[in-house]
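Student: Take this structure, written in structure tokens, and hold onto it; I'll ask about it next.
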Amino acid sequence: MSSILPILTPAQLRFFLICNRFIQYCSAVVVVGINSYFINTGKRGLFTTYVEIISVISLAAFLPALVTIFMTTPVKEYILFIDVIFSYLWLTAFIFSALDYNKHNCHFSTPSGVACSKKWAIEAFIWLTFFFEVYLLFSRSLKKHFHSGFIDGVTKSLNRYEKSINHHLLSTMAMCQPRNAP
Numbered sequence: 001m002s003s004i005l006p007i008l009t010p011a012q013l014r015f016f017l018i019c020n021r022f023i024q025y026c027s028a029v030v031v032v033g034i035n036s037y038f039i040n041t042g043k044r045g046l047f048t049t050y051v052e053i054i055s056v057i058s059l060a061a062f063l064p065a066l067v068t069i070f071m072t073t074p075v076k077e078y079i080l081f082i083d084v085i086f087s088y089l090w091l092t093a094f095i096f097s098a099l100d101y102n103k104h105n106c107h108f109s110t111p112s113g114v115a116c117s118k119k120w121a122i123e124a125f126i127w128l129t130f131f132f133e134v135y136l137l138f139s140r141s142l143k144k145h146f147h148s149g150f151i152d153g154v155t156k157s158l159n160r161y162e163k164s165i166n167h168h169l170l171s172t173m174a175m176c177q178p179r180n181a182p
């Protein structure tokens, strides 16, 4: 019987982390671009300023974080802490954008005069950045457990448990076999 847990090599996990960080970075670049357009064309509200600050700081933080995927130093733990903080900041930005652009008519929300499609696009890219941030946290924890031998230990425990169950099933089936009468 095959194992329940999918086993990935460290190189495969590193590849997924790099792809995830790259998609996250691209989404943040799109958010910066659309939000800068909002600031250039309309009134600046508190939400527009908040998203601009978060997205620009994210761009500055995501590039060094991309390099830490290849490192084995304690710097990775600080990046993990920063990723947790940014996940909450991006979640807050998504909630604000969903409330501003979907609760009422989006034509009247700040910045007024900008097409609703651009507002919905920035909302979508904020969601993508948040989603990939959370997925990155999950992937990093999976990689950490993989390197610490956690998954190997779980796999060995599951295999022992599976052998034990098979042994008990075979012995139960043997007891249920009808015996030939003499």
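Note that full-length UniProt numbering has the sequence shown beginning at 1, numbered continuously upward.
Beta carbons are placed, not taken as given, at the ideal position from N, Cα and C, and that holds for glycine.
Is any heavy atom in the ligand SAH found nearer than 6 Å to the beta carbon of G42?
Tutor: Among the components modelled here there is no ligand, and therefore nothing to report on the ligand SAH.
Student: By DSSP, does G45 sit in helix, in strand, or in coil?
Tutor: For the purposes of this step, residue 45 is taken as residue 45 along the sequence shown, with counting starting at 1. Coil.
Student: Y101 to F108, Cα distance in whole Å?
Tutor: As a working note, residue 101 is residue 101 in the sequence shown. As a working note, residue 108 is residue 108 in the sequence shown. In a straight line, the C-alpha of Y101 is about 9 Å away from that of F108.
Student: Is it buried or exposed, E77, if we count other Cβ atoms within 10 angstroms and call 16 or more buried?
Tutor: Here the question's residue 77 lines up with position 77 in the sequence shown. That one is exposed.
Student: Should K119 go down as buried or exposed, given a rule of 16 or more other Cβ atoms within 10 Å for buried?
Tutor: For the purposes of this step, residue 119 is identified with residue 119 of the sequence shown, where counting begins at 1. So K119 counts as buried.
Student: Count the other CB atoms, across all protein chains shown, that sit within 10 Å of the CB of N20; report buried if there are 16 or more and exposed otherwise.
Tutor: The residue you call residue 20 lines up with position 20 of the sequence shown. Answer is buried; the Cβ neighbour count reaches 16.
Student: So, A93 versus V51, is the Cβ gap smaller than 7 Å?
Tutor: Walking along the sequence shown from the start, residue 93 turns up at place 93. Walking along the sequence shown from the start, residue 51 turns up at place 51. Yes, these two residues count as a Cβ contact at 7 Å.
Student: Going by Cα to Cα distance, which pick from L91, S141, R140, A61 is closest to A124?
Tutor: Here residue 124 corresponds to residue number 124 of the sequence shown, with the count starting at 1. Checked all of L91, S141, R140, A61; the closest Cα to A124 is L91.
Student: Would DSSP call V30 helix, strand or coil?
Tutor: Locating residue 30 in the sequence shown gives position 30, counting from the first residue. Note: V30 maps to helix in three-state DSSP.
Student: When we look at the beta-carbon of K44 and count the other beta-carbons within 10 Å, is it buried (16 or more) or exposed?
Tutor: Against the sequence shown, residue 44 aligns to sequence position 44. Here residue 44 turns out to be Arg, not Lys, going by the sequence shown. Flag for R44 reads exposed.
Student: Tell me the DSSP secondary structure of T9 in three-state form.
Tutor: Against the sequence shown, residue 9 aligns to sequence position 9. Note: T9 maps to coil in three-state DSSP.
Student: Quick check on DSSP: helix, strand or coil for T110?
Tutor: The residue given as residue 110 occupies position 110 in the sequence shown. The answer is coil: DSSP assigns T110 none of H, G, I, E or B.
Student: Can you tell me whether L99 is buried or exposed, with buried defined as 16 or more other CB within 10 angstroms of its CB?
Tutor: To locate residue 99, count along the sequence shown from 1; it is residue 99. It is exposed - the Cβ of L99 has fewer than 16 other Cβ atoms within 10 Å.
Student: Counting only the same chain and skipping the five closest in sequence on each side, list residues whose C-beta sits under 6 Å from that of Y37.
Tutor: As a first step, residue 37 is located in the sequence shown; it is residue number 37 there, counting from the start. The answer is none, since no qualifying residue turns up.
Student: Does the distance from the C-beta atom of I126 to that of V31 stay below 7 Å?
Tutor: Taking the sequence shown and counting its residues from 1, one reaches residue 126 at position 126. Taking the sequence shown and counting its residues from 1, one reaches residue 31 at position 31. Cβ distance < 7 Å, so I126 and V31 count as in contact.
Student: Assign K118 to one of three DSSP states: helix, strand, or coil.
Tutor: For the purposes of this step, residue 118 is identified with residue 118 of the sequence shown, where counting begins at 1. Of the three classes helix, strand and coil, the one that applies to K118 here is helix, per DSSP.
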